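For the sequence shown, the tail end lands on 367 under full-length UniProt numbering, and the numbers increase by one without skipping. Have a look at the structure below before the remarks.
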Amino acid sequence: MVNAPPKRGAHIELQDLSKSYANLNAVEKVNLSFDAGEFVTFLGPSGSGKSTTLMMIAGFQVPSSGDIKVNGNSIIQQPVHKRNIGMVFQNYALFPHLSVAQNVAFPLEMRGVARNDIAERVKRSLAAVRLDKFGDRRPAQLSGGQQQRVALARALVFEPPVLLLDEPLGALDAKLREEMKFELKQLHQSIGATIIFVTHDQEEALTLSDRIAVFNHGKVVQYGTPEALYNQPESRFVADFIGESNLLRGAVLAMNSDGCRLSIADSIELTAPLRSGWSDPKKSATYMLRLEPVALGVAAGSKEICIEAKLEEFLFVGNAIKYLLKIGEDTFIKARAHATSKSQDFRTGDTVKVGWNREDMLLVDAE
Ligand SMILES: Nc1ncnc2c1ncn2[C@@H]1O[C@H](COP(=O)(O)OP(=O)(O)OP(=O)(O)O)[C@@H](O)[C@H]1O
Numbered sequence: 001m002v003n004a005p006p007k008r009g010a011h012i013e014l015q016d017l018s019k020s021y022a023n024l025n026a027v028e029k030v031n032l033s034f035d036a037g038e039f040v041t042f043l044g045p046s047g048s049g050k051s052t053t054l055m056m057i058a059g060f061q062v063p064s065s066g067d068i069k070v071n072g073n074s075i076i077q078q079p080v081h082k083r084n085i086g087m088v089f090q091n092y093a094l095f096p097h098l099s100v101a102q103n104v105a106f107p108l109e110m111r112g113v114a115r116n117d118i119a120e121r122v123k124r125s126l127a128a129v130r131l132d133k134f135g136d137r138r139p140a141q142l143s144g145g146q147q148q149r150v151a152l153a154r155a156l157v158f159e160p161p162v163l164l165l166d167e168p169l170g171a172l173d174a175k176l177r178e179e180m181k182f183e184l185k186q187l188h189q190s191i192g193a194t195i196i197f198v199t200h201d202q203e204e205a206l207t208l209s210d211r212i213a214v215f216n217h218g219k220v221v222q223y224g225t226p227e228a229l230y231n232q233p234e235s236r237f238v239a240d241f242i243g244e245s246n247l248l249r250g251a252v253l254a255m256n257s258d259g260c261r262l263s264i265a266d267s268i269e270l271t272a273p274l275r276s277g278w279s280d281p282k283k284s285a286t287y288m289l290r291l292e293p294v295a296l297g298v299a300a301g302s303k304e305i306c307i308e309a310k311l312e313e314f315l316f317v318g319n320a321i322k323y324l325l326k327i328g329e330d331t332f333i334k335a336r337a338h339a340t341s342k343s344q345d346f347r348t349g350d351t352v353k354v355g356w357n358r359e360d361m362l363l364v365d366a367e
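Written out as structure tokens, the structure reads:
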């Protein structure tokens, strides 16, 4: 067989896509666009509408309204088997009575591909997931991770321009998940398909994705690169859901061109930056402060905001130490520092200086 030309993914557009069940809006007016060959992740808590959106793209669910376009053409009226979309789900459902190679060959047989071509393409697909030596085995003779790779090979074998993955790593243990994560990334680079990946694991999403759509209550609350979501969350929900952060809520005392004068933890006053595009905060404002910019001890002294805190707890987490500091009756600040710094020799109960710069604070909610 002549080598196949380099494959490219398809451009996908979801337009006002909605799905309701009785009086529940499972998915509400979702508008998203995925570039050809992009790796996009749907991230969100359980029940936020991720799988329903994916199922509408696959054709297993009929939208209540809205449209889905692939390379500019609506696919709403197309049945599942005509959509040419590869799918892998958490429960990979391999045929137990067929060998690995026969499982992978199945979609090609369904499409009436010539026998010689089938053998060649199955071989290539199994090689892509590093299982070329396992073609004769039955699924029961493979580990969970290997079975999931067979499911991937089966989805890839007909070279779909679009691949949908719904929690494909969900059933695997932590170590295997980690390995599969890297394999998926490499695979994506080699096949060039547009991949839509569903997960509720933010770390998986941040590692794998070109862009992430964050779902909450059936709506997309933010769509952007992992960096944009981490550094510029547009809401308290995204700030809280992605990465670890301090969410400092305070009473607004005054606002002027310098920023927002705020009282946190009852008595600590500080000035934090305002944010363009936000309506003026009225009574209270919530600011996100990531853990990394928070300095302790001597280093805190050179920061624009520096306060005293009581060290409640600290934890060794690999090469870092995580600190929990109390700055008011019910207000705590978390910080993270490299474990190598000998000067950070604090004890639980110590009073320590804690500091950060104004620009480290990002307005994420105001009432
Ligand atoms: N067939 C159905 N009938 C009625 N309600 C449904 C149906 N399928 C999904 N739902 C509801 O729609 C909402 C969205 O579900 P969906 O499975 O899309 O969420 P999800 O974000 O994928 O969650 P998870 O991470 O738990 O899979 C939920 O409230 C769910 O209970």
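Here a beta-carbon is modelled for each residue, glycine too, at the ideal position from N, C-alpha and C. Note that the coordinates shown come from a computational prediction; the quantities given were computed from them, not determined experimentally.
Would the beta-carbon of Ala-58 be found less than 6 angstroms away from any heavy atom of ligand 1? By one-based count along the sequence shown, residue 58 stands at place 58. Not one heavy atom of ligand 1 is found less than 6 angstroms from the C-beta of Ala-58.
Compare the C-alpha of Ile-12 against each of Tyr-21, Ser-18 and Ser-33 and name the closest. Your numbering for residue 12 matches position 12 in the sequence shown. From the listed residues Tyr-21, Ser-18 and Ser-33, the smallest Cα separation to Ile-12 is found for Ser-33.
Tell me, please, whether the segment 101–113 touches the segment 64–72 by the rule of three or more beta-carbon pairs shorter than 8 angstroms. no
Look at the Cβ atom of Met-361, then the Cβ atom of Ala-272, and state whether they are nearer than 7 angstroms. Walking along the sequence shown from the start, residue 361 turns up at place 361. Walking along the sequence shown from the start, residue 272 turns up at place 272. Contact flag set, yes.
Check whether the Cβ of Tyr-21 sits closer than 6 angstroms to any heavy atom of ligand 2, and report yes or no. Ligands in the displayed structure: ligand 1; ligand 2 is not one of them.
Compute every distance between the C-beta of Ser-64 and the non-hydrogen atoms of ligand 1, then say whether any falls below 6 angstroms. Indexing the sequence shown from 1 puts residue 64 at position 64. Because no heavy atom of ligand 1 lies under 6 angstroms away, the Cβ of Ser-64 does not count as near it: no.
Is Val-238 helix, strand or coil by DSSP? Counted from its first residue, the sequence shown places residue 238 at position 238. In the structure shown, Val-238 falls within a helical segment according to DSSP collapsed to helix, strand and coil.
Where does Gly-328 fall in DSSP's three states? Here residue 328 refers to the residue found at position 328 when the sequence shown is read from its first residue. Reduced to three states, the DSSP call for Gly-328 is strand.
From Asp-201 to Phe-237, what does the alpha carbon distance come to, in whole angstroms? The residue you call residue 201 lines up with position 201 of the sequence shown. The residue you call residue 237 lines up with position 237 of the sequence shown. Each residue's alpha carbon lies about 15 angstroms from the other.
In angstroms with no decimal places, state the Cα-to-Cα distance between Phe-39 and Met-87. Residue mapping note: residue 39 aligns to position 39 of the sequence shown, counting from 1. Residue mapping note: residue 87 aligns to position 87 of the sequence shown, counting from 1. Each residue's Cα considered, the two are about 14 angstroms apart.
I need the DSSP call for Leu-126, collapsed to helix, strand or coil. Looking up residue 126 in the sequence shown gives position 126. Helix.
When the Cα atoms are used, what is the spatial distance from Thr-156 to Thr-225? Against the sequence shown, residue 156 aligns to sequence position 156. Against the sequence shown, residue 225 aligns to sequence position 225. Contrary to the premise, residue 156 reads as Leu rather than Thr in this sequence. Computed Cα separation, rounded: 26 angstroms.
Considering only their Cβ atoms, is the gap separating Ala-239 from Met-288 smaller than 7 angstroms? Sequence index remark: in the sequence shown, residue 288 carries index 288 (1-based). Sequence index remark: in the sequence shown, residue 239 carries index 239 (1-based). Yes, the pair counts as a contact, with Cβ atoms nearer than the cut-off.
Within this structure, are the beta carbons of His-16 and Gly-66 separated by less than 7 angstroms? In the sequence shown, counting from the first residue as 1, residue 16 sits at position 16. In the sequence shown, counting from the first residue as 1, residue 66 sits at position 66. It should be noted that the sequence gives Asp, not His, for residue 16. The answer is yes: Cβ separation under 7 angstroms.
Let me check you understand the geometry: is the CB of Gly-135 closer than 6 angstroms to at least one non-hydrogen atom of ligand 1? The residue you call residue 135 lines up with position 135 of the sequence shown. Incorrect: Gly-135 has no Cβ contact closer than 6 angstroms to ligand 1.
Count the other C-beta atoms from every protein chain shown that fall within 10 angstroms of the C-beta of Pro-161, then say buried if there are 16 or more, exposed otherwise. Residue mapping note: residue 161 aligns to position 161 of the sequence shown, counting from 1. It is buried - the Cβ of Pro-161 has at least 16 other Cβ atoms within 10 Å.
Residue range of the alpha helix (DSSP H) that Leu-108 falls in? Mapped onto the sequence shown, residue 108 falls at position 108. First-last of the alpha helix (DSSP H) with Leu-108: 100–110.
Hey, how far is the Cα of Glu-329 from the Cα of Gly-349? Counting from 1 along the sequence shown, the entry for residue 329 is found at position 329. Counting from 1 along the sequence shown, the entry for residue 349 is found at position 349. Roughly 15 angstroms between the two C-alpha positions.
Cβ of Lys-310 within 7 angstroms of Cβ of Val-198? Numbered from its first residue, the sequence shown carries residue 310 at position 310. Numbered from its first residue, the sequence shown carries residue 198 at position 198. Contact: no.
Let me check understanding here. Comparing Cα to Cα, which of Tyr-230, Glu-167, Arg-347 and Val-298 lies closest to Met-55? For this step, residue 55 is matched to residue 55 along the sequence shown. Of the listed residues, the one whose Cα sits closest to Met-55 is Glu-167.
Contact check, Val-122 vs Leu-152, beta carbons under 7 angstroms: Indexing the sequence shown from 1 puts residue 122 at position 122. Indexing the sequence shown from 1 puts residue 152 at position 152. Not closer than 7 angstroms, so no.
Start and end of the alpha helix (DSSP H) containing Val-221? Within the sequence shown, numbered from 1, the residue matching residue 221 stands at position 221. Taken as a continuous stretch (DSSP letters only), Val-221 belongs to no alpha helix (DSSP H), being part of the beta strand (DSSP E) at 219–224.
Rounding to the nearest angstrom, what Cα-Cα distance links Ser-284 and Leu-253 in this structure? To locate residue 284, count along the sequence shown from 1; it is residue 284. To locate residue 253, count along the sequence shown from 1; it is residue 253. Their Cα atoms are separated by approximately 9 angstroms.
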